[in-house]
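Numbering (UniProt numbering), first residue to last: 1 to 924.
We put the beta carbon where it would ideally sit given N, CA and C, even for glycine.
Quantities reported herein were computed from a predicted structural model and do not represent experimental measurements.
One structure is given here, and the rest of the page talks about it.
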């Protein structure tokens, strides 16, 4: 093979890897393990564009590098294949989502294999495969059968809780449970009916049914997460979304709040991602207290981190969804308040949290009593208060809180400055009294004031000290078809688990993928969607699991995907352990990453896995942005003006498909064929060509700037694509794609190829000993490449390869001792060409079985130095000498130099200064 033919080489080696299963990973206690993973992709119908593989290429390079270092590497791939897009397509076309999903996966897999990833395809998993979601259902069942024991600080079997109830009731149990859980004795427990017992257990279970305020989208027929709603409309399709209460399954992730918080300190994640999780968990230390509603037998519970500002409270603010709102609205305020509530409660929580400028609210007409001084304060409704955070009510201190201040200012409410007073001394004045302002206190003094206030609350039995978290329990159901069925049936209106032997509970066939006519989820259309027991037939749960269910544990299944008896074999799980390197987007910080950590900690508590954290190190790759091209239409015509001439005409810019543009020059024939309305286009050219404008934007179909990796691979090769994506810049940064710049990388690979071939194009290497300079070039590259890979600095490695090849080309080096290790160095980045060169060098096995070249410092140590010889301050000669010479020997060599002798003119120098390894200075 004379010329470098990327198509032939890449197809050859991809077939070899697949046939020989070279990337299959098995448990091997004799070798150290390395587990590298990409975030679970959702297989969309559009397939991959060149921005998608960025993180995959980086993890693949590391996987190959670790293999060369002697690690046993697990590098799997699979698909998060349940989801709303496939269901929406099914609704529109009537085609089963499983068919669409399988087609999309086939397309994805073809593209991934074309890029040459070192995946262990034998371990592929799909969340929509019943053999996979059997175990997602099984994990749900374990959560249902568990509660969180605060004393043990871990999840325990619900059976141990029942045993405690039978002997001691619940008075002495310290467990996470619903706020309204009543106390009962062992005797009372035994008198409860099965229904009563199950209702009480539901208040403790880690997954439970409860009425919850959700984002309901009638057009999509499902509940949406906060991230799927923007300005009251669904992000997908732009349909109206309303906030409503529905019976939903939830998971008590809040039980793990403190452990999720503390666990962050053990992880090698970027600080911004950790901070996002800390803020989402939102730990606050403060007090919970109640305000009596004037004239009513109602207590409004509030949580505050600033009980020391209690005398600055001038109103209470309730969330529009607060349970007391309707009863607190008086007749004279009803029209205004109810109209406001109707609008406010349908704004998503995300919008309400982020909107600091819009001020809206309504007075209920009712008053509350400040328990510290008996003062009457107004009760308002405000959408900056969230029902799901804390108690859904806040004590407003406008002088010490920005939102309270803006609200009070807007509605003309009192803003009372809390001044330095005597709370720290334990004195609690009556109405009009003062309290210690934290501005006047040190941290210790403020804590003392807080402690005094909390003691007062507890003494009067109107409150207590409390640690609170912003994070809410996670809603776990969606009213969709294309998701995991919950393994639950209902008897007497209460949920029970199906028998484990009946797993998986497989999705039934339905006539349509829409809600039923009476508003039930699509599974309501299934025939005989019931569970049969010895006691009769009972209806099965009609909602399905959310998208995050299957992705919260997939990293365990990769370790042992064919196991039909367990979700993972303990031996495999203990060997592979946590993921050593996880690469994916930062947008999953408060979703997938949090839920995965929660499920892993739960499985650890129950003894099913040996790790508490799933992902030890994580890198968030940046985005490859699109480089859009523009043409300029002469207004009212089908004439297009070249970029450099556009200012001379009245033109309108128009996006054009970047795939018919090369180096910003438009292919006129392809442009005319691009759309029927452009067939008669005319052009005003500059220098005989049409030059397009360009701008960096997000890569999207609407901007016609999507670049298909298949096209790049066809034209330049997968190795070129891999190198170029790494060469664009640091992995974590955003950077623009520019197909015009790929030529340089393509030329580099051709130059690399030529190193191993003679002028006639035939493979030829020499077994001659390499020169010192050739060894220096090689070992400089080994050192740089290893350092870069260990620091995940992929772009600088590519640059060092280019320098290395240029230096070896200039030296006309074709030595085996140099070129063989060079092929290994390049192989993680450009595996196809490296495999071919490795084979040409006479190696029988894949380059994947080679060892990473050993760096030897000795080849970078200089053994000679070219001394500048200065005479009276001016350099007159340069003298190459061994570095091993003494000062006297250096001076002698300088005095013998012909140029120096000429300047001395037979005289003895006045002074000779020698700095070994640097300079020689002669004064005459």
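On the DSSP letters alone, give me the boundaries of the alpha helix (DSSP H) that residue 821 sits inside.
Residue 821 sits at position 821 when you count from the first residue of the chain shown. Start and end: 816-826.
Can you tell me where the beta strand (DSSP E) with residue 619 in it begins and where it stops?
Translated into positions along the chain shown, residue 619 becomes position 619. Annotation: the continuous beta strand (DSSP E) that includes residue 619 extends over 618-620.
Residue 32 to residue 476, Cα distance in whole Å?
Along the chain shown, read from residue 1 onward, the residue named residue 32 stands at position 32. Along the chain shown, read from residue 1 onward, the residue named residue 476 stands at position 476. Each residue's CA atom was taken as its position, placing residue 32 and residue 476 some 38 Å apart.
Give a yes or no on whether the C-beta atoms belonging to residue 255 and residue 316 are separated by under 8 Å.
Translated into the one-based positions of the chain shown, residue 255 becomes position 255. Translated into the one-based positions of the chain shown, residue 316 becomes position 316. Contact: no.
In the DSSP assignment, find the unbroken alpha helix (DSSP H) run with residue 722 in it and report its ends.
Numbered from its first residue, the chain shown carries residue 722 at position 722. Under the DSSP assignment, residue 722 falls in the alpha helix (DSSP H) whose first and last residues are 718-727.
Of the residues 769, 799, 202 and 512, which one's Cα is nearest the Cα of residue 780?
Taking the chain shown and counting its residues from 1, the one referred to as residue 780 is at position 780. Looking at the Cα atoms, 799 is the closest of the given residues.
With 16 other CB atoms within 10 Å as the buried threshold, where does residue 432 fall?
To locate residue 432, count along the chain shown from 1; it is residue 432. Note on residue 432: pLDDT 36, under 50, position unreliable in the model; no value is reported.
Per DSSP, which residues does residue 972 bridge with? Please list them.
Nothing about residue 972 can be reported from this structure: the residues present for the chain run from 1 to 924 only.
Who are the Cβ neighbours of residue 805 in its own chain at under 7 Å, not counting the five residues just before and after it?
In the chain shown, the residue the question calls residue 805 occupies position 805. Short of 7 Å from the beta carbon of residue 805, and not among the five residues preceding or following it, lie these beta carbons of its own chain, in chain order: 748, 751, 752 and 755.
3 or more residues per run - each beta strand (DSSP E) lying fully within the stretch 124-153:
Along the length of the stretch 124-153, whole beta strand (DSSP E) runs at least 3 residues long occupy 146-149, reported in chain order.
Count Cβ pairs between the stretch 772-779 and the stretch 842-850 that sit closer than 8 Å; are there 3 or more?
The stretch 772-779 vs the stretch 842-850: no contact.
Under the criterion of a Cβ to heavy atom distance below 7 Å, does residue 625 qualify as lining the ligand ADP?
Ligands in the displayed structure: none, and consequently the ligand ADP is not present.
Let me make sure I understand the geometry here. Which of 737, 165, 489 and 145 has the alpha-carbon closest to that of residue 52?
Within the chain shown, numbered from 1, the residue matching residue 52 stands at position 52. Nearest of 737, 165, 489 and 145 to residue 52, Cα basis: 737.
I believe residue 700 touches residue 585 by the beta-carbon criterion, under 8 Å. Please report the beta-carbon distance rounded to the nearest angstrom.
Locating residue 700 in the chain shown gives position 700, where the first residue counts as 1. Locating residue 585 in the chain shown gives position 585, where the first residue counts as 1. Residue 700 to residue 585, Cβ: 16 Å. No contact.
Starting from residue 20, trace the beta strand (DSSP E) both ways and give me its first and last residue.
Translated into positions along the chain shown, residue 20 becomes position 20. Going by DSSP, residue 20 is part of no beta strand (DSSP E) but of the alpha helix (DSSP H) stretching over 6-20.
Among the residues of its own chain, which have a CB less than 6 Å from the CB of residue 422, if the five just before and after it don't count?
As a position in the chain shown, residue 422 is number 422, starting the count at 1. Only weak support is given to the placement of residue 422: the predicted model assigns it a pLDDT of 37, under 50, and the value that follows is read from those uncertain coordinates. Same-chain partners within the cutoff: there are none.
Please confirm whether residue 260 and residue 281 have their CB atoms less than 8 Å apart.
Numbered from 1 along the chain shown, position 260 holds the residue referred to as residue 260. Numbered from 1 along the chain shown, position 281 holds the residue referred to as residue 281. With respect to residue 281, residue 260 sits close: the two C-beta atoms are nearer than 8 Å.
Distance, Cα to Cα, residue 926 vs residue 889?
In the structure displayed, the chain extends from 1 to 924; residue 926 sits before or after that span and is not available.
Starting from residue 38, trace the beta strand (DSSP E) both ways and give me its first and last residue.
Position 38 of the chain shown, counting from 1, holds the residue named residue 38. Unbroken beta strand (DSSP E) run through residue 38: 33-38.
Using the DSSP secondary-structure output, state which residues sit across from residue 380 in a beta bridge.
By one-based count along the chain shown, residue 380 stands at place 380. Residue pairing by DSSP places residue 380 opposite 317 and 363 in a beta bridge.
Neighbourhood of residue 811 by C-beta, 8 Å cutoff - its chain only, sequence neighbours within 5 removed
For the purposes of this step, residue 811 is identified with residue 811 of the chain shown, where counting begins at 1. So the list reads 771, 773, 774 and 777, once near-sequence residues are dropped.
What first and last residue would you give for the beta strand (DSSP E) that runs through residue 923?
On the chain shown, residue 923 is found 923 positions in, with the first residue counted as 1. Per DSSP, residue 923 is one residue of the beta strand (DSSP E) stretching across 919-923.
Rounded C-alpha distance that separates residue 491 from residue 508:
On the chain shown, residue 491 is found 491 positions in, with the first residue counted as 1. On the chain shown, residue 508 is found 508 positions in, with the first residue counted as 1. About 21 Å.
Does the distance from the CB of residue 879 to the CB of residue 897 come in under 8 Å?
Looking up residue 879 in the chain shown gives position 879. Looking up residue 897 in the chain shown gives position 897. In this structure, residue 897 lies closer than 8 Å to residue 879 by Cβ.
How close, in whole Å, do the beta carbons of residue 390 and residue 303 come, if the pair is a contact with beta carbons under 8 Å?
Along the chain shown, read from residue 1 onward, the residue named residue 390 stands at position 390. Along the chain shown, read from residue 1 onward, the residue named residue 303 stands at position 303. Confirmed, about 4 Å.
Residues that DSSP places opposite residue 582 in a beta bridge:
Walking along the chain shown from the start, residue 582 turns up at place 582. Answer by DSSP bridge pairing, in chain order: 37 and 618.
Give the DSSP bridge partners of residue 866, in chain order.
On the chain shown, position 866 is the one that residue 866 refers to. Beta bridge pairing from DSSP links residue 866 with 880.
Within the same chain, show all residues whose beta-carbon is closer than 8 Å to that of residue 855, passing over the 5 residues directly before and after it, in chain order.
For this step, residue 855 is matched to residue 855 along the chain shown. So the list reads 779, 782, 783 and 786, once near-sequence residues are dropped.
Between which two residues does the alpha helix (DSSP H) holding residue 68 run?
Translated into positions along the chain shown, residue 68 becomes position 68. That run of the alpha helix (DSSP H) goes 54-68.
Can you list, in chain order, the residues of its chain whose CB lies under 8 Å from that of residue 223, leaving out five sequence neighbours each side?
Counting from one through the chain shown, the residue named residue 223 turns up at place 223. Within the same chain, residue 223 has close Cβ partners 214, 215, 216, 217, 246, 248, 475, 477, 478 and 479.
Spatial neighbours of residue 904 within its chain, please: C-beta separation below 7 Å, excluding the five flanking residues on both sides.
One-based indexing of the chain shown puts residue 904 at position 904. Excluding sequence neighbours, residue 904 sits near 924.
Which of the three DSSP states, helix, strand or coil, is assigned to residue 282?
For the purposes of this step, residue 282 is taken as the residue at position 282 of the chain shown. In the three-state reduction of the DSSP assignment, residue 282 falls in the coil class.
Closer than 8 Å is the cut-off here; do at least three beta carbon pairs connect the stretch 40-59 with the stretch 858-877?
Because the criterion of three Cβ pairs below 8 Å is not met, the stretch 40-59 and the stretch 858-877 do not touch.
Nonlocal neighbours in the same chain, by C-beta distance under 7 Å from residue 450, ignoring five residues either side:
The residue you call residue 450 lines up with position 450 of the chain shown. Scanning its chain for C-beta atoms nearer than 7 Å, with the 5 sequence neighbours on each side dropped, one finds around residue 450 the residues 307 and 308, in chain order.
Thinking C-alpha only, which one of 900, 908, 883 and 892 is nearest residue 916?
For the purposes of this step, residue 916 is taken as the residue at position 916 of the chain shown. If we check each option's Cα against that of residue 916, 883 comes out closest.
Say whether the stretch 21-31 touches the stretch 71-80, bearing in mind that this needs 3 or more beta-carbon pairs closer than 8 Å, one atom from each stretch.
By the Cβ test, the stretch 21-31 is in contact with the stretch 71-80, since at least three Cβ pairs between them sit closer than 8 Å.
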